[in-house]
Amino acid sequence: MKIENEPGCHTAVEPGVITVPEAVTNILNNTHSIADFSKLHIRQCLYRVLFEDIKSPIDVPGHNNSAMDGYAILSDDIPVKDSKTFTVIGTAFAGQPFRGRCQANECVRIMTGAMVPDNTDTIVIQEDVQVHDESAIEIGPGHKKNQNLRYAGEDIKTGSTVLSKGSVIKSADLGVLASLGINEIKVVRKPRVSFFSTGDELKSIGQTLKKGEIYDSNRYSLYGLLSDCDVDIIDMGAVKDEPDTIRQTLLSAAACSDVILTSGGVSVGEADYIKGILQEIGSMDIWKIAMKPGRPLTFGQINNSMFFGLPGNPVAVMVTFYQFVKPALNKIKGMSFKPPLSLKAESLCSIRKNPGRREFQRAIASTDENGNLQVTLTGKQGSGILTSMSQANCFIVLTEDRGSVAQGDLVDIQFFEFY
Ligand code: AMP
Ligand code: MG
44 MKIENEPGCH TAVEPGVITV PEAVTNILNN THSIADFSKL HIRQCLYRVL
94 FEDIKSPIDV PGHNNSAMDG YAILSDDIPV KDSKTFTVIG TAFAGQPFRG
144 RCQANECVRI MTGAMVPDNT DTIVIQEDVQ VHDESAIEIG PGHKKNQNLR
194 YAGEDIKTGS TVLSKGSVIK SADLGVLASL GINEIKVVRK PRVSFFSTGD
244 ELKSIGQTLK KGEIYDSNRY SLYGLLSDCD VDIIDMGAVK DEPDTIRQTL
294 LSAAACSDVI LTSGGVSVGE ADYIKGILQE IGSMDIWKIA MKPGRPLTFG
344 QINNSMFFGL PGNPVAVMVT FYQFVKPALN KIKGMSFKPP LSLKAESLCS
394 IRKNPGRREF QRAIASTDEN GNLQVTLTGK QGSGILTSMS QANCFIVLTE
444 DRGSVAQGDL VDIQFFEFY
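Just so you know, our numbering puts 406 at position 363 of the sequence shown, and the rest follows in order with no gaps.
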């Protein structure tokens, strides 16, 4: 018989180790939103975060108007049984209202978007009308009062909050702002994020590798991740494992950034200076997080800058960025926290896992011929295998208490790419 909570087997997390949600909560509790704003033309505000509530100065639409091309009539005039002939007394175009009034048995030719003439309240679409000549039409029974009308303020009422502080400006929002005649808005200043890699073995692209050296890839994947976050990026290069250089680089990063990211040098290897330096020039915690990949993470503060010491392994850098740095950047930008969207998909493969840690396996999600979501691993899952990220469009997230997955089981996935 199996004991459910056998230590070391089904115990979720070992002592001294925190879970991913605990780490996220700790980080967000220590993250402050930027209090500065820029006032910009709306075209420059796509994906920026609003610093103010936007209230509408006008009704949209501004007047009752026609939803169709047709004829405007008085509802009292709607034929009850037999067709009636109406005299066409004028035309209303969008932007060119008809200024007269209709009497009984009169109508106005009206185009989509045109103001509904003063005392009319019903639009009969042109397809339902028999045209005798330019000044006379025939309308049959079966029409309803107020049909095909769009009302003033039906979309947005004067004074109503259209967009709220903290929301991200999307394409539709640019259109909404323009529909209100607003050309400038206040958006949160972009966070400034500095980053550098650490490691004696690192060479930058363009240089020649000597034996034992590798190209610095983390700075490029981080550059891509940061570019997606709409922040100002300061690339401080690759830095050798020398305490003085690392200290200097951290201090110059702190002088110009809201957030500093490093990769590498946070595990317990001999060359892992970052934590010592951080203790000297700022404050920091090292967390062992119950996750795979990405177990060690350093989190702290240098003057007014937040510091994240990400792991060195290329996949771990990206996983920890998505899980920890991105939520913090969102909060710095003034957005409210939303956990990553999680969907259920059928696993097309079996996955070996021991309970204890939360695993982020790289996978490809797609839909089958019935539209059901399915997912399969990209292959080897080592934390140094960056091609597993490059082939993947999502993580399969296996929570702490979960064991192995059989083919056909449902698993949780988080998308990170949609291309
Ligand atoms: P570390 O955390 O510094 O011990 O690094 C862990 C592993 O990640 C080692 O194999 C490093 O060579 C590798 N690594 C560290 N930084 C980078 C980088 N910027 N680009 C590619 N690989 C790296
Ligand atoms: Mg290193």
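Where a beta carbon is used, it is the ideal one built from N, C-alpha and C, also for glycine.
All of these numbers come straight from a predicted model, not from anything done at the bench.
Quick check: residue i and residue j, are their CB atoms within less than 7 Å of each other?
i: Thr155; j: Ser118; result: no
i: Val167; j: His186; result: yes
i: Asp328; j: Phe342; result: yes
i: Asp287; j: Ser385; result: no
i: Asp198; j: Leu206; result: no
i: Phe141; j: Ala135; result: yes
i: Ile345; j: Leu293; result: yes
i: Lys335; j: Gly202; result: no
i: Tyr114; j: Val159; result: no
i: Arg322; j: Ser393; result: In the sequence on display, residue 322 carries Gln and not Arg. No.
i: Ile61; j: Trp330; result: yes
i: Gln417; j: Glu460; result: no
i: Arg193; j: Pro104; result: yes
i: Cys145; j: Thr163; result: yes
i: Ala157; j: Ser109; result: yes
i: His84; j: Glu227; result: yes
i: Arg395; j: Ser447; result: yes
i: Asp243; j: Asp284; result: yes
i: Met279; j: Ala296; result: yes
i: Thr419; j: Leu391; result: yes
i: Lys387; j: Leu429; result: no
Can you list, in chain order, the residues of its chain with a C-beta nearer than 7 Å to that of residue i? Leave out the 5 residues immediately preceding and following it.
i: Gly337; result: Pro354, Ala359, Val362, Thr363
i: Leu463; result: The first residue shown for the chain is 44 and the last is 462, placing residue 463 beyond what the model contains.
i: Asp411; result: Gln417
i: Ile320; result: Pro286, Ile289, Arg290, Leu293
i: Ser178; result: Thr130, Val131
Measuring only the C-alpha atoms, how far is residue i from residue j?
i: Pro234; j: Ile375; result: 7 Å
i: Glu181; j: Tyr90; result: 52 Å
i: Leu93; j: Asp273; result: 13 Å
i: Asn397; j: Gln434; result: 25 Å
i: Asp176; j: Gly414; result: 53 Å
i: Asn356; j: Gln404; result: 15 Å
i: Pro370; j: Val151; result: 57 Å
i: Gly59; j: Lys82; result: 46 Å
i: Gln87; j: Gly209; result: 17 Å
i: Asp96; j: Ser270; result: 26 Å
i: Pro184; j: Ala408; result: 55 Å
i: Tyr365; j: Val311; result: 23 Å
i: Asn107; j: Asn191; result: 10 Å
i: Lys213; j: Phe380; result: 18 Å
i: Tyr258; j: Ser247; result: 6 Å
i: Lys254; j: Val282; result: 19 Å
i: Glu302; j: Val231; result: Sequence check: residue 302 is Val here, not Glu. When rounded, the distance between both Cα atoms is 15 Å.
i: Leu245; j: Glu256; result: 6 Å
i: Met432; j: Pro383; result: 17 Å
i: Lys423; j: Ala406; result: 10 Å
i: Tyr263; j: Asn373; result: 21 Å
i: Lys211; j: Asp444; result: The question names Lys, but residue 211 is Val in the sequence shown. Looking at the two C-alpha atoms, the distance is approximately 35 Å.
i: Lys124; j: Lys188; result: 15 Å
Please list, in chain order, all residues of the same chain as residue i whose beta carbon is under 6 Å from its beta carbon, the five residues on each side excluded.
i: Glu49; result: The pLDDT assigned to Glu49 is 38, lower than 50, so where the model puts this residue is not dependable, and the model offers no usable value.
i: Ser306; result: Ser240, Asn261, Leu353, Gly355, Val360
i: Phe438; result: Phe403, Gln457
i: Gly196; result: Asp102
Give every residue of the same chain whose Cβ lies closer than 8 Å to the Cβ of residue i, excluding the five residues on either side of it in the sequence, and list them in chain order.
i: Leu340; result: Ala66, Val309, Ile329, Trp330, Ile332, Phe351, Gly352, Leu353, Pro354, Thr363, Phe367
i: Cys299; result: Arg235, Ser237, Ile277
i: Ala221; result: Ile85
i: Asn347; result: Ala297, Asp301
Just to confirm, does residue i get its C-beta within under 6 Å of one of the non-hydrogen atoms of the ligand FAD?
i: Gly255; result: Looking for the ligand FAD in the displayed structure turns up nothing; the ligands present are the ligand AMP and the ligand MG.
Self-check item: Whole alpha helix (DSSP H) elements within the region 279-352, 4-residue minimum
Solution: Scanning the region 279-352 from its first residue to its last, the whole alpha helix (DSSP H) runs of 4-plus residues come out as 286-299, 317-324.
Quiz item: Which residue spans inside the region 59-147 form an unbroken alpha helix (DSSP H) run of at least 4?
Solution: Those alpha helix (DSSP H) runs which fall completely within the region 59-147 and span 4+ residues are 63-72.
Quiz prompt | Sequence ranges, beta strand (DSSP E) only - wholly within the region 155-202, length at least 3 | solution = DSSP assignment within the region 155-202 yields the following whole beta strand (DSSP E) runs of 3 residues or more, N-terminal first: 165-168, 172-176, 179-182.
Quiz item: At what residue ranges does the region 210-271 contain a whole run of the beta strand (DSSP E), taking only runs of 3 or more?
Solution: Runs found: 227-231, 235-241.
Quiz prompt | Whole runs of the beta strand (DSSP E) within the region 415-457, excluding any shorter than 3 residues | solution = Taking only runs of at least 3 residues, the beta strand (DSSP E) segments lying wholly in the region 415-457 are 416-420, 437-441.
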